[in-house]
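Only one structure is covered here, and it is reproduced in the block below.
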Amino acid sequence: MLTEETQKLLLDYDWPGNVREFETVVKRLLVFSKEGIAKPEYLPSEIINFKPKQQFTVQKIDELERQHIIDVLKLANTTKEASRILGISETTLWRKRKLYGL
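In numbering that gives the first Met the number 0, the protein residues as written are 0 to 101.
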């Protein structure tokens, strides 16, 4: 049986070695588990110390886009030049500026 923390660590890990690596870790858990309970301390350190990749939400992506537009607007002399740098039409740039309050 897996503890809740062990299960979370296993689910969050990227498994770069795929099935073979997973199989090795499961075997390790079976060997080290006492009383049928697989605790996190039985996992390899790379799984315990693994930091999941940051998940991007729509809100975070919008903030990144907003900041990118601000940066380009500071560099460009005109909105036409800014839209060219961004690879969007001037109309789209106008809409995005309105959307983000720029």
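Glycine included, each C-beta is placed from N, C-alpha and C at the ideal position.
Looking at D61, G16 and E22, the one whose alpha-carbon comes closest to that of G100 is D61.
Taking a C-beta distance under 8 Å as the contact criterion, I84 and V71 qualify as a contact pair. Between V18 and Y41, the alpha-carbon positions lie close to 19 Å from each other. Unbroken alpha helix (DSSP H) runs of no fewer than 4 residues, entirely contained in the stretch 24–82, are found at 44–47 and 57–74, following chain order. Shown here, L1 sits in a strand according to DSSP, grouped into three states. Judged by their CB atoms, E4 and P43 are not nearer to each other than the 8 Å cut-off. In this structure I68 is buried. Its beta-carbon is surrounded by 16 or more other beta-carbon atoms within 10 angstroms. Between V24 and I47, the beta carbon gap of about 11 Å keeps them out of contact (Cβ cut-off 8 Å).
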